[in-house]
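In my numbering, the protein residues as written are 1 to 127.
This is how it looks when you write it as structure tokens:
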């Protein structure tokens, strides 16, 4: 993956570039690892992008892959995903990633560590 240069590419263009060179016709776990690696590489190439971190990139790319699967693999009476459903599902996944990132950042901050100590509780009780 390190040989791919995704700098200055929109996410969908970079993902297409990857899929042209590396078709995603493998086991689900292998595809997941490829998407994770792609997300990290894309993020490394575009640190100033609007996505915030590699986890958000992963959520969006996974959502794009699901949309593609829905479009090309669905059989029978299956109703295709609408644009609004795709946007709603993707935004939900992005929010979940951002919330997890914010929760982890909050727990590891010095203020959160201080608040979690017993000394803080005893100081509050003495007021």
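We put the CB at the ideal spot given by N, CA and C, even for glycine. None of the values given here were measured: they were computed from a predicted structure.
Close beta carbons around residue i, own chain, < 8 angstroms, minus the five adjacent residues each side
{"i": "residue 100", "result": "55"}
{"i": "residue 96", "result": "59"}
Which of helix, strand or coil DSSP assigns to residue i
{"i": "residue 58", "result": "helix"}
{"i": "residue 66", "result": "helix"}
{"i": "residue 50", "result": "coil"}
{"i": "residue 81", "result": "coil"}
Neighbourhood of residue i by C-beta, 7 angstroms cutoff - its chain only, sequence neighbours within 5 removed
{"i": "residue 40", "result": "54"}
Supposed contact pair residue j and residue i - C-beta distance, whole angstroms, cut 8 angstroms
{"i": "residue 34", "j": "residue 47", "result": "Wrong, their Cβ atoms sit about 21 angstroms apart, outside the cutoff."}
{"i": "residue 15", "j": "residue 87", "result": "At roughly 17 angstroms, the Cβ-Cβ gap does not stay under 8 angstroms, so residue 15 and residue 87 are not in contact."}
Whole-angstrom distance between residue j and residue i, CA atom to CA atom
{"i": "residue 37", "j": "residue 1", "result": "7 angstroms"}
{"i": "residue 18", "j": "residue 3", "result": "11 angstroms"}
- Item | Contiguous alpha helix (DSSP H) assignments of at least 4 residues, all confined to the segment 6 to 35 | 11 to 21
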